[in-house]
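S.K.:
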Amino acid sequence: MERIEIGDIFTLIDENDVEQEIEALGKLDVEGVEYIAAGIVDDIERETEEDIDIFFFKVEEDGQLTDIETDEEFEKVSAAFEKSVMG
């Protein structure tokens, strides 16, 4: 799989077998592991005051994206992303 860059749009199939277009919003490295922050394109394109849901994926060495498997890992990545965005 090609490396995903910020702004890239790709398709994932959700738990209901529905295709969702996802946009890469950011990349970050947490303790030597690369992660992608992403959001659903339809949510991003809606110009509202509402927050959008952000998902995090671990980037494997071969470029494949995998789900974060533990709450602890998610909290660590989420905090690092928030810190990088907020400065």
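Each number in my numbering comes from the position in the sequence shown (counting from 1) with 5 added on. Where is the CB? At the ideal position from N, CA and C, for every residue including glycine. Bear in mind the structure is a predicted one, so any value in this text is a computation, not a measurement.
1) What is the residue span of the alpha helix (DSSP H) that E78 lies within?
2) Just curious, the beta strand (DSSP E) that D13 is in, first and last residue?
3) Going by beta carbon distance, what residues of the same chain come within less than 8 Å of I18, once the five residues before and after it are set aside?
4) Taking 8 Å as the cut-off, decide whether the C-beta atoms of I9 and A29 are in contact.
5) At the level of alpha carbons, what is the spacing between K88 and G12?
6) Please classify D150: does DSSP put it in a helix, a strand, or coil?
7) Could you check if V90 is buried or exposed, using at least 16 other CB atoms within 10 Å of its CB as the buried criterion?
M.R.: Considering the structure as presented:
1) Counting along the chain, E78 sits inside the alpha helix (DSSP H) bounded by residues D76 to M91.
2) First-last for D13: undefined, no H or E at that position.
3) Closer than 8 Å at Cβ, skipping near neighbours: E24 and Q25.
4) yes
5) When rounded, the distance between both Cα atoms is 20 Å.
6) Residue 150 is absent from the structure shown; the chain starts at 6 and stops at 92.
7) exposed
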